[in-house]
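Report on the following structure.
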Amino acid sequence: MANILVIDDHPVARLAIRMLLEKDQHNIVAEADDGLQALALVRKLSPDLVVVDIDIPSLSGIEVIEKLRAGGFKGGLLVLTARDDEHYLGRCMSIGADGFVSKKNNLEELGDAVRAVVRGYGYFPLKRSNGDAVHAPEKEMELIKSLSSRELQVLRCLARGMKVIDISLQMHISNKTVSTYKTRVMTKLELSSTLSMIDFARRNNLD
1 MANILVIDDH PVARLAIRML LEKDQHNIVA EADDGLQALA LVRKLSPDLV
51 VVDIDIPSLS GIEVIEKLRA GGFKGGLLVL TARDDEHYLG RCMSIGADGF
101 VSKKNNLEEL GDAVRAVVRG YGYFPLKRSN GDAVHAPEKE MELIKSLSSR
151 ELQVLRCLAR GMKVIDISLQ MHISNKTVST YKTRVMTKLE LSSTLSMIDF
201 ARRNNLD
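Under the UniProt record's numbering, the sequence shown is numbered contiguously, ending at residue 207.
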């Protein structure tokens with residue numbers, strides 16, 4: 001049995017995760033629906049394992065993982081997300097996640113992933129099974145790797161058609177800061193227009 005913190009901004013998803021993990025005799029110590037709340041709960045509760053989605057408000061799941069590892073968190077970090085492309089898999093592995101599971105599998109793998117991570121093993125099935133996936137051009141992969149977590153989050157929001165003011169509210173930053181991130185993204189990706197940036201994001205499954 002493990003003490004687990006679940007971080008997801010969808011109540012239905014949190015309920016499904018809770019039911020599945022409690023069925024396996026794990027203890028859900030708390031739930032969070034945004035990154036800042038999650039960090040506070042980890043500091044307070046010191047869970048054995050954190051199950052986190054990438055797409056959460058205030059701080060993305062990637063930023064939560066970065067901050068937890070930078071702060072010395074030794075527990076397990078398992079990413080459970082609708083994202084299943086290589087950009088996010090690689091990014092999560094590189095910053096200290098212990099596992100990466102896609103929600104597209106209807107949570108079927110979650111139990112196996114939790115058991116593996118709790119026992120000290122990594123769990124990255126997509127790394128083994130995405131041989132048939134369509135891979136982004138190598139140069140574009142390298143450009144994407146150059147983006148910080150915040151820049152990547154802004155890029156994704158813009159690709160979804162979100163307005164600057166909405167992005168600022170979701171990320172808890174100013175409109176000016178969003179615009180600054182947007183400029184940095186365009187520079188790093190060697191793009192000259194918002195339209196080309198959105199096209200780049202969608203072409204690489206970042207929307």
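Glycine included, C-beta positions come from ideal geometry on N, C-alpha and C. Predicted, not measured: the structure shown is a model, and the values here were computed from it.
A straight-line Cα-Cα distance of about 35 angstroms links L169 and H26. The beta-carbon distance between G75 and V50, rounded to whole angstroms, is 6 angstroms. This is short enough to meet the 8 angstroms contact definition. Secondary structure of N27 (DSSP, three-state): strand.
Non-local beta-carbon contacts of L20 in its own chain, meaning distances under 8 angstroms to residues more than five positions away in sequence, involve L107, L110, G111 in chain order.
The C-alpha of G122 lies about 35 angstroms from the C-alpha of T187.
Here N204 is near I144, since their CB atoms are less than 8 angstroms apart.
Burial state of V12 is exposed, judged by a 10 Å Cβ sphere holding fewer than 16 other Cβ atoms. Counting along the chain, the unbroken alpha helix (DSSP H) around S149 starts and ends at 149–159. Straight-line measurement puts the Cα of A30 at about 28 angstroms from the Cα of L152.
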